[in-house]
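> Pasting in a structure now, in structure tokens, and then I'll have a few things to ask.
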Amino acid sequence: MKLYNFLSRKIEDFQPLNPPLVAMYTCGPTVYDYPHIGNLRTFIFEDILQRVLQTNGFTVNRVMNITDIDDKIIKNAAEKGLSITKFSKPFELAFYEDLDKLNLQRPNIFPRATEHIEKMIKYIESLLKKDLAYVVEDGSVYFDISKFTNYGKLSQLDKRELKIGARVAADEYSKENAQDFALWKAVGPDEVGFSSPWGKGRPGWHIECSVMSQEYLGDTLDIHGGAVDLLFPHHENEIAQSEGKTGQQFARFFVEGEHLQVDGQKMSKSLKNFYTLRDIESRNLEPLAFRYLCLTAHYRDRLNFTWESLQAAQNALNNLHNLVRSFEQSGEVEQRYWGKFLEAVNNDLNVPQALAVMYEMLSANLPTAKKAATVLQMDKILGLNLVDYVSRPLQIPQEVQKLLEQREQARKQKDFTKADDLRKEIKKLGFEVEDTTNGPVVRHVN
Ligand SMILES: [Zn+2]
Numbered sequence: 011m012k013l014y015n016f017l018s019r020k021i022e023d024f025q026p027l028n029p030p031l032v033a034m035y036t037c038g039p040t041v042y043d044y045p046h047i048g049n050l051r052t053f054i055f056e057d058i059l060q061r062v063l064q065t066n067g068f069t070v071n072r073v074m075n076i077t078d079i080d081d082k083i084i085k086n087a088a089e090k091g092l093s094i095t096k097f098s099k100p101f102e103l104a105f106y107e108d109l110d111k112l113n114l115q116r117p118n119i120f121p122r123a124t125e126h127i128e129k130m131i132k133y134i135e136s137l138l139k140k141d142l143a144y145v146v147e148d149g150s151v152y153f154d155i156s157k158f159t160n161y162g163k164l165s166q167l168d169k170r171e172l173k174i175g176a177r178v179a180a181d182e183y184s185k186e187n188a189q190d191f192a193l194w195k196a197v198g199p200d201e202v203g204f205s206s207p208w209g210k211g212r213p214g215w216h217i218e219c220s221v222m223s224q225e226y227l228g229d230t231l232d233i234h235g236g237a238v239d240l241l242f243p244h245h246e247n248e249i250a251q252s253e254g255k256t257g258q259q260f261a262r263f264f265v266e267g268e269h270l271q272v273d274g275q276k277m278s279k280s281l282k283n284f285y286t287l288r289d290i291e292s293r294n295l296e297p298l299a300f301r302y303l304c305l306t307a308h309y310r311d312r313l314n315f316t317w318e319s320l321q322a323a324q325n326a327l328n329n330l331h332n333l334v335r336s337f338e339q340s341g342e343v344e345q346r347y348w349g350k351f352l353e354a355v356n357n358d359l360n361v362p363q364a365l366a367v368m369y370e371m372l373s374a375n376l377p378t379a380k381k382a383a384t385v386l387q388m389d390k391i392l393g394l395n396l397v398d399y400v401s402r403p404l405q406i407p408q409e410v411q412k413l414l415e416q417r418e419q420a421r422k423q424k425d426f427t428k429a430d431d432l433r434k435e436i437k438k439l440g441f442e443v444e445d446t447t448n449g450p451v452v453r454h455v456n
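Offset between the sequence shown (1-based) and the working numbering: plus 10.
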């Protein structure tokens, strides 16, 4: 299988160091709010990656961190008069709920930052011992990027001027050298913090990922995943810390998903275009329709989210459900289409092309038993939960059935106003009637 590697900026053949095991680390959520749909897009692409690896016979050992300590958590918890755990826990639980609603496989381990403070302190001590870090007067510890010659290799920053990353506030950087980043930040006596050899403080965000990935996956990861906005400074700093400490390559592949935009703009709270899965559900659209929408764009291309595009994805998903309902019991997988599908996903996760192969198969002249088996096989990667629909005829509740009969009666009597009112009532109950030359066809809608 082939994957685009941000280290080489090329598509490369992927082979893990110790097959069939794949050591995969992906940056997890900071639990101070609900994940927004941009975060969710990243998690969906990482889930697809995991499923494609599994389909290729690999056993994926995946770790995803939970950042449950940072400035925003501390600030928001204090404003609400809560401990940081009391404040962040509901958001952590909401994150797990989102994973389930989007049919995302869970990583093997979700390490929490606050449960690895001792390990982070030890890690920072070894960086100090190697003279790659220094302590300043207030008790903060910074990484000295001038001592790490490969700094910038991932983001290719050596070719342009280093500047302070947009994601990290300037106070995360050292006063001595604005490019050095915090490993440990000193805090005041009344602030939330942990005791350390350098005084009370809290870990920097970057050190979390180095410590927790290596703790569970070893010195060298096969794949480190995330989003392009994490390339610099976050992943660059992870490389500096990790390779500085071990002298080994930190990650063999960096795989990063592109941004999601909303109405052609960057998503932000000030533009009021900042959406979560809750906003999608409140408009009666399914989380899996959002998953479907994400499948229609390649993970390295920008995806423009609009409510119209999500509604179109929902319609496509409904049509897919209605189509596969009529299929007979599962038969054999049609190898020709399955082969083409695999070829697409193995080519740097070309899911839009794989989706096109699926539709080509569905409209081909094949026995429906074969179509059923093939679509279910493909859905092991797409993750649209089609198993709930294949060969399962629509169950129409009695209440809806009655309205349908009344509507047929009204149509026969040419009372189209009444028929139309009944159609609206039926729609309220989640069903749509379409009049075809073969009589009315009923569909489930959202
Ligand atoms: Zn990270």
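Glycine included, C-beta positions come from ideal geometry on N, C-alpha and C.
(1) Going by other Cβ atoms of all chains shown within 10 Å of its Cβ, with 16 needed for buried, is Q451 buried or exposed?
(2) Please classify N247: is it buried, with 16 or more other beta-carbons within 10 angstroms of its beta-carbon, or exposed?
(3) Taking 6 Å as the line, does the beta carbon of C37 fall inside it for any heavy atom of ligand 1?
(4) Would you call P243 buried or exposed, if buried means 16 or more other Cβ atoms sit within 10 Å of its Cβ?
(5) Taking 6 Å as the cut-off, is the beta-carbon of C304 closer than that to any non-hydrogen atom of ligand 1?
(6) Under the assumption that H46 contacts M388 (Cβ atoms under 8 Å), give the Cβ distance between them as a whole number of angstroms.
(7) Over what stretch of residues does the beta strand (DSSP E) that includes L365 continue unbroken?
(8) Judging by CA-CA distance, which residue of E296, E353, K350 is the nearest neighbour of H331?
(9) Given that a residue counts as buried once 16 or more other Cβ atoms are within 10 Å of its Cβ, and exposed if not, what is D358?
(10) What are the start and end residues of the alpha helix (DSSP H) that includes Y35?
(11) S223 and Y347 - do their beta-carbons sit closer together than 7 Å?
(12) Determine the burial state of S340: buried for a count of at least 16 other Cβ atoms within 10 Å of its Cβ, exposed for fewer.
(13) Three-state secondary structure (DSSP) at L13?
(14) Between which two residues does the beta strand (DSSP E) harbouring M74 extend?
(15) Which of helix, strand or coil does DSSP assign to D289?
(16) Whose C-beta lies closer than 7 Å to the C-beta of N283 among residues of the same chain, with five residues either side of it excluded?
(17) Which residues in the same chain have their Cβ closer than 7 Å to the Cβ of H216, if we skip the five residues on either side of it in sequence?
(18) Consult DSSP for G175 and reduce its assignment to one of helix, strand or coil.
(19) From this set, L396, L137, D232, I58, which residue's C-alpha is nearest T256's C-alpha?
(20) When the distance is taken between beta carbons, is T384 closer than 7 Å to F337?
(21) Taking the alpha carbon of T77 as the point to measure from, which residue in N118, T124, G91, I58 has its own alpha carbon closest?
(22) Do you know whose CA, among N328, Y309, G449, R335, lies nearest G48's CA?
(23) How close, in whole Å, do the beta carbons of N118 and V73 come, if the pair is a contact with beta carbons under 8 Å?
(24) Taking the alpha helix (DSSP H) that R310 falls in, what are its first and last residues?
(25) Does the Cβ-Cβ distance between V32 and F68 come in under 7 Å?
(26) Rank I84, R453, N187, D110 by C-alpha distance to the C-alpha of G393 and give the top, closest one.
(27) Is it the case that the region 227-239 contacts the region 201-216, given that we only count it when at least three CB pairs across the two stretches are under 8 Å?
Short version:
(1) What sits at residue 451 in the sequence shown is Val, not Gln. Looking at its Cβ environment, which holds fewer than 16 other Cβ atoms inside 10 Å, V451 is exposed.
(2) By the neighbour-count rule (16 or more Cβ atoms within 10 Å), N247 is buried.
(3) yes
(4) P243 should be labelled buried.
(5) C304: no, Cβ never under 6 Å from ligand 1.
(6) About 29 Å separates the two Cβ atoms, so there is no contact after all.
(7) Not the beta strand (DSSP E): L365 falls in the alpha helix (DSSP H), residues 361-372.
(8) E296
(9) buried
(10) It is not in any alpha helix (DSSP H) - Y35 instead sits in the beta strand (DSSP E) that spans 31-36.
(11) no
(12) buried
(13) strand
(14) Counted as a single uninterrupted DSSP element, the beta strand (DSSP E) harbouring M74 occupies residues 69-74.
(15) helix
(16) V272, D273, Q275, M277
(17) F191, H244, N247, E248, Q251
(18) Because the pLDDT at G175 is just 42, under 50, the model does not fix this residue reliably, and the value given afterwards should be weighed accordingly. If DSSP states are grouped into helix, strand and coil, G175 belongs with coil.
(19) L137
(20) No, they are not a contact pair.
(21) T124
(22) Y309
(23) At roughly 7 Å, the Cβ-Cβ gap stays under 8 Å, so N118 and V73 are in contact.
(24) It is not in any alpha helix (DSSP H) - R310 carries neither H nor E in the DSSP assignment.
(25) yes
(26) D110
(27) Contact between the region 201-216 and the region 227-239 is absent, because fewer than three Cβ pairs lie under 8 Å.
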